[in-house]
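>
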Amino acid sequence: GGPNDEVRHAGDLGNIFAEDNGVAEIMITDSIISLTGKYSILGRAVVVHSDADDLGRGGFKDSLTTGHAGTRVACGVIGIQHPPGAWMQGASPATSPLLNTATLAATLASTLAIRLLF
Numbered sequence: 001g002g003p004n005d006e007v008r009h010a011g012d013l014g015n016i017f018a019e020d021n022g023v024a025e026i027m028i029t030d031s032i033i034s035l036t037g038k039y040s041i042l043g044r045a046v047v048v049h050s051d052a053d054d055l056g057r058g059g060f061k062d063s064l065t066t067g068h069a070g071t072r073v074a075c076g077v078i079g080i081q082h083p084p085g086a087w088m089q090g091a092s093p094a095t096s097p098l099l100n101t102a103t104l105a106a107t108l109a110s111t112l113a114i115r116l117l118f
């Protein structure tokens with residue numbers, strides 16, 4: 001599903017499209033995910049696919065599992081670079097050793113870049 005669908009996964013945040021220069025800078029506001037709590041995005045993966053996600057509506061055999069979004073071209077882990085102390089007070093410990101950056105930047109040979117800004 002998509003970010004506005006009644007039935008969706010917490011990570012269904014919609015499609016991001018890059019400009020002609022290959023750069024996409026986004027800011028996402030969502031009613032389900034957060035930086036702390038049950039649906040915290042800290043320590044979670046971000047995966048960039050080669051094609052748009054059909055949100056499970058495309059009728060392809062992989063529409064309901066991968067959104068028929070094509071190959072994976074980049075991935076990363078969402079985290080906080082510094083200072084993590086204030087963000088993590090009262091939160092359960094993270095298990096990812098990669099929890100170290102607030103901005104995820106994936107730059108590929110094709111100059112595709114995606115940044116998640118909070």
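Counting from 1, position 78 in the sequence shown corresponds to residue 78 in the UniProt record's numbering; the numbering is continuous, with no gaps.
Cβ atoms here follow ideal geometry from the backbone N, Cα and C, with glycine treated the same way.
1. On the CB-based measure, 16 or more other CB atoms within 10 Å of its CB, does Ile78 come out buried or exposed?
2. Please report how far the alpha carbon of Gln81 lies from the alpha carbon of Leu42, in whole angstroms.
3. Cα separation between Thr95 and Asp30?
4. Check whether the Cβ atoms of Gly22 and Gly14 sit closer than 8 Å, and answer yes or no.
5. Per DSSP, which residues does Arg72 bridge with? Please list them.
Inspection of the coordinates gives the following:
1. buried
2. 11 Å
3. Caution applies to Thr95, whose pLDDT of 43 falls short of 50 and renders its modelled position unreliable; the value that the coordinates give is listed next. Answer to the nearest angstrom: the Cα atoms are 24 Å apart.
4. no
5. His49
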